[in-house]
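I have placed the structure first, in the form of structure tokens, so that the comments after it can refer back to it.
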Amino acid sequence: MKKSFLGLAISTMFMVGAAQADVNPNDVSATLSVTGSVTHEVNCAVNVGSSVVNIQGDIAKLAKQGDTGTSSMQTVELSLSGDEECDSMAAQGKIAYSFLGTADTADGTSLANTDSSTGAAQGVGIALYNIKDGNIIKINQDRMIAEASPALNHLGLDLVKLNNQEVKAGSVQGFMTIQIERL
Numbered sequence: 014m015k016k017s018f019l020g021l022a023i024s025t026m027f028m029v030g031a032a033q034a035d036v037n038p039n040d041v042s043a044t045l046s047v048t049g050s051v052t053h054e055v056n057c058a059v060n061v062g063s064s065v066v067n068i069q070g071d072i073a074k075l076a077k078q079g080d081t082g083t084s085s086m087q088t089v090e091l092s093l094s095g096d097e098e099c100d101s102m103a104a105q106g107k108i109a110y111s112f113l114g115t116a117d118t119a120d121g122t123s124l125a126n127t128d129s130s131t132g133a134a135q136g137v138g139i140a141l142y143n144i145k146d147g148n149i150i151k152i153n154q155d156r157m158i159a160e161a162s163p164a165l166n167h168l169g170l171d172l173v174k175l176n177n178q179e180v181k182a183g184s185v186q187g188f189m190t191i192q193i194e195r196l
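With our numbering applied, the sequence shown has no gaps in its numbers, which climb one by one up to 196 at the end.
Structural data, given as structure tokens:
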């Protein structure tokens with residue numbers, strides 16, 4: 014009986030303490046904004062052979078999303094510039110290129126056609142390929158390991174028919190950011 018009474022008394026004290034923890038409407042909260050940066054001694058930059066690529070395609074000859082590219086595929090050379098440690102990390106396979114942009118609305122693996130004009134193509138995306146091995150690079154998902162030799166770093170771009178969408182001829186436009194990831 015004494016143990017039950019003691020347990021009840023302790024429980025009551027906790028409840029009274031919780032009931033006293035009220036929010037006063039006169040209290041004012043504050044917001045803290047934190048900014049800063051983290052640096053690393055290795056300086057690397059991505060260089061592209063061309064910052065603008067013009068791709069043409071015929072609806073009848075476009076590959077399906079997920080298939081390999083066609084003969085109309087355009088290539089862009091990627092290279093790194095920076096200090097010796099950047100080159101060393103690339104030679105060890107410790108640097109990769111990642112590709113960020115608006116993904117298509119079908120499978121989300123190709124770069125979307127962001128042209129919204131009345132003459133814009135529909136059901137068409139821009140597929141990315143690693144020319145070295147022929148593999149598809151999924152936008153916002155996959156990486157391409159940077160090679161120390163710039164001659165081995167080629168990105169392929171090709172128009173593709175998006176899965177489960179009706180294709181309509183027109184203009185195509187897309188933008189992406191190519192950035193470095195240290196592995």
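We treat Cβ as the ideally placed atom computed from N, Cα and C, and that holds for glycine.
This one's a predicted model, so the numbers in the text were calculated from it and none came from an experiment.
Check: Inter-stretch contact at 8 Å, needing at least 3 Cβ pairs: the segment 156 to 165 / the segment 68 to 88; Outcome: no
Check: Supposed close pair R195, I108 - CB separation, criterion 8 Å; Outcome: 6 Å
Check: Segment contact flag, the segment 128 to 139 with the segment 87 to 107, C-beta cutoff 8 Å, min 3 pairs; Outcome: no
Check: Cβ shell of S63 (< 7 Å), same chain only, five flanking positions each side left out; Outcome: V89
Check: Per DSSP, cross-strand counterpart(s) of D171; Outcome: A140
Check: Beta bridge counterpart(s) of E194 as assigned by DSSP; Outcome: A109
Check: Classification of I152 by the beta-carbon crowding that lies within 10 angstroms, buried from 16 upward; Outcome: buried
Check: Residues bridged to N60 [DSSP beta-bridge criterion]; Outcome: S92
Check: Touch test, the segment 115 to 128 against the segment 174 to 183, Cβ-Cβ under 8 Å, three pairs minimum; Outcome: yes
Check: Reference F112; option with closest CA among G95, G49, I149; Outcome: I149
Check: Under the three-state DSSP convention, the category K74 falls into; Outcome: helix
Check: Cα-Cα separation, M189 to P38; Outcome: 48 Å
Check: Rounded C-alpha distance that separates L93 from V61; Outcome: 9 Å
Check: Whether G183 touches A133 by CB criterion (7 Å); Outcome: yes
Check: Residues that DSSP places opposite G114 in a beta bridge; Outcome: M189
Check: Extent of the continuous beta strand (DSSP E) to which M157 belongs; Outcome: 156 to 158
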